[in-house]
Amino acid sequence: MIRLLSVRLLQAILVMLAVTAIAFVMFRFVGDPVAAMVREGATQAEKDALRATLGLDKPLVVQFFDFVGRVLAGDLGTSFRYQQPVVSLLFNRLPATLELVVVATVLALAIGIPLGVLTALKPRSFLSRLTQSATLVGISMPTFVTGLLLILVFAVNLRWLPSSGRGDLVDLGLWQTGFLSISGLKSLILPSITLALFQLTLIMRLVRSEMIDVLSSDYIRFAFARGLPKSYIYGKLALRNALMPVVTVTGLQIGQLVAFAIVTETVFQWPGMGLLFTNAVGYPDIPVLSAYLLFVGFLFVFINMIVDILYTFIDPRLRTN
């Protein structure tokens, strides 16, 4: 087991080194940050001085190792645009993104699992076919189109919900939350539905296919033959086994929700890390872009490593291999 953990940790370190190199090289070609930071009419000497201050006058290899050294020390640099430490910027935006992801995940599970069970138990019913058709439309529609339609209907025409922002926030010390105010909760509804739609359809279809497979197995037929109650067979025997892959997929999807919340946060002007990344692209704020890519890479590596380790506890054969 120790050998397995060591191998997984070594693989994670190698992947993060590759992500660090990609982030460094990729964003060095986004644009010239000096041109965006200097005042209009600045002299060449002023531009050269600023370039030297940012360390951009050094060879690319030296800049890369300086960058790796700062990352290992927890220093992701200073934002060109906001003139603040990037770590502080990410930490300030993290609560907004996490709250949005948590609500979207809860919505996807709370709606997707019952719909998956319903469409598996009664696959030929009108409601089941209507649900599958609706989810097919939902999964095919781009996220920004879904968000704009929700804004048009519920914010512009009906005026029930706000179209942007987080509403009133309650300060809990290191964490500012919108869960404890009415306007904060109302502001969460539209972006969380937009973000949850794809995951909801994925979970519904996964539960449906797993439930159909489980219901056709021998031990379910044997349970029916013994005269066990249908509620016990469906809810206790079938659904429990059908949910095992759903747990795995949901865990991996949380990482994707954090990474791909960019579109939703941009449409709803949700002040999270995704909106920070979008604003950094146009500047270009290279330290923020690099830090965001590193954060997303670390998130995926960490979640995959945890899932791999959990698999070894679930299936002991993997430990011997």
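Per my numbering, the sequence shown runs over residues 7 to 327.
No residue lacks a Cβ here, since even glycine has one placed at the ideal position from N, Cα and C.
- N- and C-terminal bounds of the alpha helix (DSSP H) containing Phe132: The continuous alpha helix (DSSP H) containing Phe132 extends over residues 132-146.
- Task: Report, in whole angstroms, the separation of the C-beta atoms of Thr284 and Thr149, which I expect to be a contact under 8 Å.
- Result: Wrong, their Cβ atoms sit about 13 Å apart, outside the cutoff.
- Message: Relative to the C-alpha of Ala110, which candidate in Ser169, Ser198, Ala265, Arg76 has its C-alpha closest?
- Response: Closest option to Ala110, judged by alpha-carbon separation, among Ser169, Ser198, Ala265, Arg76: Ser198.
- Query: In whole angstroms, what separates the C-alpha of Arg14 from that of Met22?
  - Reply: If I take the Cα positions, the gap works out to 12 Å.
- Flag this pair as touching only if the segment 284-300 and the segment 128-138 have three or more C-beta atom pairs under 8 Å; answer yes or no. The segment 284-300 vs the segment 128-138: no contact.
- Message: Quick check: the Cα distance between Leu78 and Phe301, rounded to an integer number of angstroms?
- Response: Each residue's alpha carbon lies about 13 Å from the other.
- Query: Counting contacts by CB-CB distance shorter than 9 Å, is Leu124 in contact with chain D?
  - Reply: Looking for chain D here will not work: only one protein chain is present.
- Query: With 16 as the cutoff for other CB atoms within 10 Å, does Pro251 come out buried or exposed?
  - Reply: Around the beta-carbon of Pro251, fewer than 16 other beta-carbon atoms lie within 10 Å, marking it exposed.
- Query: Could you give the residue range of the alpha helix (DSSP H) that holds Thr256?
  - Reply: For Thr256, the enclosing alpha helix (DSSP H) has its first and last residue at 245-265.
- Message: For Leu263, tell me which candidate among Val67, Gln50, Thr103, Asp72 has the shortest Cα-Cα distance.
- Response: Considering only Val67, Gln50, Thr103, Asp72, the residue with the shortest C-alpha distance to Leu263 is Thr103.
- Task: Pull up the distance between the alpha-carbon of Asn98 and that of Tyr240, whole angstroms please.
- Result: Going from the Cα of Asn98 to the Cα of Tyr240 covers about 45 Å.
- Message: Can you give me the C-alpha to C-alpha distance between Gln182 and Thr59, rounded to a whole angstrom?
- Response: Rounded to the nearest angstrom, the gap between the Cα atoms of Gln182 and Thr59 is 34 Å.
- Status (buried if at least 16 other CB within 10 Å, exposed otherwise) for Met32: Counting Cβ neighbours within 10 Å, Met32 comes out exposed, since fewer than 16 surround it.
- Item | Gln275 in three-state terms, based on DSSP | Looking at Gln275 - three-state DSSP - the assignment turns out to be coil, as it is neither helix nor strand.
- Task: Name the one or two DSSP bridge partners that Pro91 has.
- Result: Per DSSP, Thr84.
- Message: Assuming contact is defined by CB atoms lying nearer than 9 Å, are Val207 and Leu154 in contact in what I supplied?
- Response: What sits at residue 207 in the sequence shown is Thr, not Val. Taking 9 Å as the Cβ cut-off, Thr207 and Leu154 do not qualify as a contacting pair.
- C-alpha distance - Ala126 paired with Met217, whole-angstrom precision: Note on geometry: alpha-carbon atoms of Ala126 and Met217 lie some 6 Å from one another.
- Distance between Leu201 and Ala265 (C-alpha atoms, nearest Å): C-alpha of Ala265 to C-alpha of Leu201: approximately 11 Å in a straight line.
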